[in-house]
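Enquirer: Chains as they are written, first to last, in the working numbering: chain B, 195 to 630; chain Y, 3 to 767.
For every residue, glycine included, the Cβ atom is placed at its ideal position computed from N, Cα and C.
Got a structure for you, questions after.
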């Protein structure tokens with residue numbers, strides 16, 4: 195038995211799912227074992243319009259696109275990137291270091307890789323970068339024609355990275371940037387941006403849109419927010435396979451769609467960044483692309499940042515829009531509590547009364563809030579008592595028995611206190627009554 | 003009663019004495035000490051002094067000298083002889099002098115790693131230097147990982163984590179790999195067989211990554227006593243290693259007894275159950291307040307014994323929790339609690355599988371009782387070594403079962419006391435294992451030119467992986483070309499992944515343990531009685547796909563024992579085709595659990611049975627076989643032949659580990675009255691793991707010796723017509739089984755003689 199047959203019979207080698215798409219090398223191919231970059235049927239140069247970018251260690255294949263910043267992308271344009279104020283960057287990314295954010299020193303980054311697993315065996319074969327230069331959006335794609343060209347590719351990428359100080363990515367904190375750093379370490383190079391400021395828009399996008407959208411992937415945002423339509427887009431899971439096929443079959447044609455995919459990702463990323471510049475503290479417009487649930491998300495973000503006044507505006511707007519029932523109640527609840535913090539008692543009470551009139555366990559907390567309000571603020575002990583009694587009734591309707599006991603004990607204590615206060619206050623007011 | 007008095011009490015007992023086949027008294031040994039070498043960092047010497055260590059044992063000093071000379075070293079010492087200082091001393095010294103230096107410690111289990119970290123922390127605190135020591139394993143919180151990767155001086159981990167969590171992400175560990183001075187391999191004797199063969203490849207990968215970052219670490223290994231520590235270390239790290247085996251630690255007096263339970267029926271060769279005999283000895287020890295560890299050979303025997311001893315403890319009004327169980331399936335917290343109880347003396351007795359054989363710190367106990375010979379000399383010494391303190395007397399009793407190996411050992415104590423323990427065998431070039439790690443290595447760094455992996459350039463395999471489109475060749479380099487993460491799919495211990503979880507559904511659902519997928523069909527089939535810490539559970543449902551067993555607490559008077567149907571198919575023959583009766587080659591073995599028996603507690607009678615419905619499992623491995631040449635056996639009836647062949651198989655599989663010096667579980671046997679492959683009655687001995695570790699080839703080479711050994715065993719046995727200690731019980735081999743097996747062996751040996759003569763004639767001698 196030959197080694198090959200033994201390995202096959204041992205069952206140790208089953209071509210993986212991706213490799214299964216490609217036939218194994220034929221005997222002829224093996225025998226005539228063509229090695230190296232010779233005999234390219236369709237080299238990348240014949241498929242994508244690009245240049246050979248010189249570095250100190252050989253050339254790297256680079257595709258460059260330049261767009262005027264007024265260039266539309268979906269229903270927006272790239273223009274707003276330039277108007278992304280540091281305040282909004284800090285607000286959305288919750289990173290004080292971004293007070294120094296300068297959109298002209300921002301670099302957009304998106305990688306196409308040989309896998310999602312990470313680790314040193316995962317390569318970035320297409321590094322997409324973007325930045326604003328002379329009122330133009332410059333988009334560059336650095337392509338790994340062969341694994342052996344990784345050093346020139348990274349040197350070229352490094353030159354571009356050197357012009358910026360902030361990275362803007364989508365899920366780049368967990369994926370793109372660590373992966374690129376790994377490639378640099380692996381090639382014994384140092385990225386010219388070390389420990390950069392980093393705006394990863396995945397997190398703000400989730401905060402803003404997850405209440406409406408099932409998926410907050412970039413392509414979902416394109417469809418549902420940016421209004422970008424992709425035609426014949428290549429699915430992400432197929433990308434590694436296409437690159438491997440390019441390497442073994444020496445045919446770059448299938449990669450055209452990958453370049454396009456990466457280009458659109460970068461444009462959407464830049465557009466999205468601009469969008470975040472218009473949303474947040476101090477915003478005046480009421481953008482039409484925000485729906486009820488989005489206002490709820492925005493309100494939550496403002497609430498977290500302590501911008502309570504603006505937060506109430508957003509919650510109110512959310513309530514004016516269309517909301518699923520559960521979210522509507524959640525919005526009301528949060529809104530009432532923000533009003534309470536703002537000491538706008540009347541607004542809060544109105545909401546609590548609305549919620550307290552339900553006939554299920556959901557009435558519990560508004561009843562308690564009302565009991566507290568009438569006891570401590572209004573000193574209306576009759577109302578306070580009624581609310582505490584209603585809270586007890588609502589408690590009965592809750593089906594988690596374990597937490598009931600504690601809550602019941604708390605409520606009973608409250609009820610007793612209110613009753614004794616009520617008694618005392620009636621005693622005190624009695625002589626007055628008798629006088630009249 | 004102290005141990006010394008207990009020994010006297012035993013010796014005064016006539017019934018006990020009549021069963022003892024060996025009593026060895028090992029005199030106390032004074033320690034051999036050396037002053038601290040002047041080259042050790044003074045701060046370290048001072049810190050050790052504050053902890054009461056003012057000089058070194060001889061082996062510690064020798065280990066220091068060897069490491070200081072820049073050589074790799076393996077320290078061979080028994081349990082509790084201060085082996086950790088052998089590596090902590092050079093490592094801490096190196097870091098004290100150069101805070102940039104790094105060390106990597108590998109322990110076979112997470113529990114041992116944890117144990118070691120605590121010990122190091124204490125020493126480092128005493129030292130007062132900022133030496134960061136961390137464990138890094140599956141339990142390490144994500145936020146701590148980053149810090150450990152960049153700033154940890156000593157990273158304590160296990161081979162599995164190195165394989166899947168560290169090496170494939172080496173760029174994140176650049177500080178470690180650039181500055182790696184020492185790699186410590188503790189419990190090295192455990193790295194044999196499949197696990198060791200995997201580890202050798204992980205070390206190939208480790209050294210490759212170190213070379214990439216420009217470091218060349220020294221290895222310090224520690225091992226229990228085995229026959230070939232230097233050779234095993236050399237095969238694992240593929241470099242020269244110096245052996246330090248002059249143990250300088252003192253030890254107290256030790257008594258070792260070999261105990262053979264009395265024959266109940268000489269004709270049938272039936273002996274009193276070893277389990278019951280051990281139970282009585284252990285009860286006696288516990289009743290006299292002697293802290294005792296009892297080692298059982300299987301989870302089942304541990305649990306049965308625990309049930310007995312806990313009943314006994316209740317009868318004798320010992321405090322609750324005085325007798326505990328300990329084995330692999332227990333959850334970590336439970337284990338830690340038992341270990342602590344042993345150290346603090348709150349636990350008086352523990353019944354354990356070989357899980358406690360490893361260097362977990364439970365302090366020294368007074369006595370150990372081994373139920374059955376653990377299979378290897380090294381393992382027996384390790385288990386006996388669990389009893390023993392520096393200054394007081396300790397006691398070990400090995401109770402023989404009726405298995406042939408046990409009977410051989412208990413009747414030939416000189417074999418045990420005079421012979422070197424087993425060899426640790428590994429085969430890093432096992433095709434499947436090598437291929438797995440070649441992929442991982444290519445993932446970590448591309449192969450370049452004629453770069454070797456291990457001692458050789460693996461061009462043919464790299465080409466194969468290229469054809470399979472897993473690697474991409476460009477110029478003289480092979481690159482990883484797949485979107486998968488190879489290390490994830492490769493388990494270093496065939497059993498470590500795919501564990502079955504055991505869920506108690508008596509009240510709610512609670513996970514009470516886990517079990518590897520090879521043991522699960524036998525122990526967790528539906529209706530099985532699963533024993534856990536002395537409690538009986540019945541398996542109500544086994545979800546094969548989800549790997550979950552749902553059990554419910556029960557109280558019954560029986561346990562269950564499952565049978566396995568084994569089927570073997572020869573795929574390829576490696577031996578000479580013209581060979582007369584023997585051969586070896588590649589085989590496919592399939593296993594199908596068939597039925598289970600219900601066996602009554604205490605009386606051990608069969609009280610019922612049931613069927614098991616589980617899928618068949620398959621394994622590619624290597625086997626050695628022999629068939630009966632025509633006309634040997636042709637005059638026998640089918641049943642007679644079957645019985646004789648079974649007897650022959652039983653003899654062979656029991657003497658084979660003795661000659662191979664391997665763990666008995668590594669070799670399995672199956673017999674066919676008419677083998678479709680040889681066309682003759684055939685016995686196959688196969689290796690109990692995928693591919694090969696070289697055992698079959700060795701057996702093939704020692705064919706004649708094996709037959710002679712088997713003949714000795716059957717001739718020496720006092721039973722009349724077969725017993726479990728030679729050919730197997732009469733009910734399995736038949737009335738004539740023993741006689742026929744012996745005749746077959748003689749026939750085979752005369753065949754060997756004939757072949758020899760023919761060879762001689764052919765050579766004109």
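1) Since residue 590(Y) is in the beta strand (DSSP E), which residue starts that stretch and which ends it?
2) Against chain Y, which members of the region 303-314 of chain B pass a CB distance test of less than 9 Å?
3) Quick one: what does DSSP say residue 779(Y) is sitting in, helix, strand or coil?
4) What does a CB cutoff of less than 6 Å around residue 557(B) pick up in its chain, not counting 5 residues either side in sequence?
5) How about residue 595(Y): is its C-beta nearer than 7 Å to some C-beta of chain B?
6) Between which two residues does the alpha helix (DSSP H) carrying residue 442(B) extend?
7) I'd like to know whether the C-beta atoms of residue 566(Y) and residue 593(Y) end up nearer to each other than 7 Å.
8) Below 7 Å CB to CB, which residues in the same chain sit around residue 602(Y) once its five sequence neighbours on both sides are set aside?
9) Kindly list, in the order they appear in chain B, the residues whose Cβ is closer than 9 Å to that of residue 850(Y).
10) So which residues on chain B does residue 462(Y) lean against when the C-beta distance must stay under 7 Å?
11) Please confirm if residue 176(Y) has its CB atom under 7 Å from at least one CB of chain B.
12) Using a Cβ-Cβ distance under 7 Å, would residue 621(B) count as near chain Y?
13) Please list the segments of the alpha helix (DSSP H) lying wholly inside the region 260-344 of chain B, counting only runs of 4 or more residues, in order along the chain.
14) Can you grab the Cα-Cα spacing for the pair residue 607(B) / residue 592(B), in whole Å?
15) Among 95(Y), 27(Y), 4(Y), 467(Y), which one has its Cα closest to the Cα of residue 46(Y)?
16) Let's see if you can read the secondary structure: which residues bound the alpha helix (DSSP H) around residue 385(Y)?
17) Helix, strand or coil: how does DSSP classify residue 388(B) here?
18) With 16 as the cutoff for other CB atoms within 10 Å, does residue 463(Y) come out buried or exposed?
19) Mind listing which residues of the region 438-461 of chain B have their C-beta closer than 8 Å to chain Y's C-betas, in chain order?
20) Among 34(Y), 760(Y), 296(Y), which one has its Cα closest to the Cα of residue 352(Y)?
21) Would residue 700(Y) pass as a contact of residue 747(Y) if the rule is Cβ separation under 7 Å?
22) By DSSP, does residue 336(Y) sit in helix, in strand, or in coil?
23) Report the residues of the region 335-369 of chain B with a CB closer than 8 Å to any CB of chain Y, ordered along the chain.
24) Which chain B residues are close to residue 448(Y), counting only those with a beta carbon under 8 Å from its beta carbon?
25) On the premise that residue 217(Y) lies in contact with residue 182(Y), defined as a C-beta separation below 8 Å, what is that separation, rounded to the nearest angstrom?
26) Would you tell me roughly how many angstroms separate the C-alpha atoms of residue 547(B) and residue 417(B), rounded to the nearest one?
27) Could you give the first and the last residue of the continuous beta strand (DSSP E) run that contains residue 542(Y)?
28) Please report the residue range of the alpha helix (DSSP H) in which residue 420(Y) lies.
29) At which residues does the beta strand (DSSP E) containing residue 502(Y) begin and terminate?
30) Which residues, in order along the region 534-551 of chain Y, keep a beta-carbon less than 8 Å from a beta-carbon of chain B?
31) Under three-state DSSP, which class holds residue 319(Y)?
32) Distance cutoff 7 Å, beta carbons only. Does residue 179(Y) sit that close to anything in chain B?
33) Find the nearest neighbour of residue 508(B) within the set 278(B), 559(B), 493(B), judged by alpha-carbon distance.
34) Spatial neighbours of residue 504(B) within its chain, please: C-beta separation below 7 Å, excluding the five flanking residues on both sides.
35) Exposed or buried, residue 613(Y), counting other C-beta atoms within 10 Å across all chains shown (16 or more means buried)?
36) Among the residues of its own chain, which have a CB less than 6 Å from the CB of residue 213(B), if the five just before and after it don't count?
Expert: From the atom records:
1) Counting along the chain, the unbroken beta strand (DSSP E) around residue 590(Y) starts and ends at 584-602.
2) 307, 308, 309, 310, 311, 312, 313, 314
3) A query on residue 779(Y) cannot be resolved here, the shown segment of chain Y reaching from 3 to 767 and no further.
4) 550, 588
5) no
6) 433-443
7) yes
8) Counting only Cβ-Cβ distances below 7 Å, and skipping sequence neighbours, we find 559, 560, 609.
9) In the structure displayed, chain Y extends from 3 to 767; residue 850(Y) sits before or after that span and is not available.
10) 197
11) yes
12) no
13) 280-287
14) 19 Å
15) 95(Y)
16) 379-387
17) DSSP places residue 388(B) in coil when its eight states are reduced to three.
18) buried
19) 438, 441, 442
20) 296(Y)
21) Cβ distance not < 7 Å, so residue 700(Y) and residue 747(Y) don't count as in contact.
22) helix
23) 340, 341, 342
24) Proximity of chain B to residue 448(Y) at the Cβ level (cut-off 8 Å) is accounted for by 341, in chain order.
25) 5 Å
26) If you take the alpha carbons of residue 547(B) and residue 417(B), they lie about 40 Å apart.
27) 537-545
28) 415-420
29) Taken as a continuous stretch (DSSP letters only), the beta strand (DSSP E) holding residue 502(Y) covers 502-506.
30) none
31) coil
32) no
33) 493(B)
34) 475, 496
35) exposed
36) Confidence at residue 213(B) is low in this model, with a pLDDT of 41, below 50, so the placement of that residue should be treated as unreliable; the coordinate-derived value is given next. Counting only Cβ-Cβ distances below 6 Å, and skipping sequence neighbours, we find nothing.
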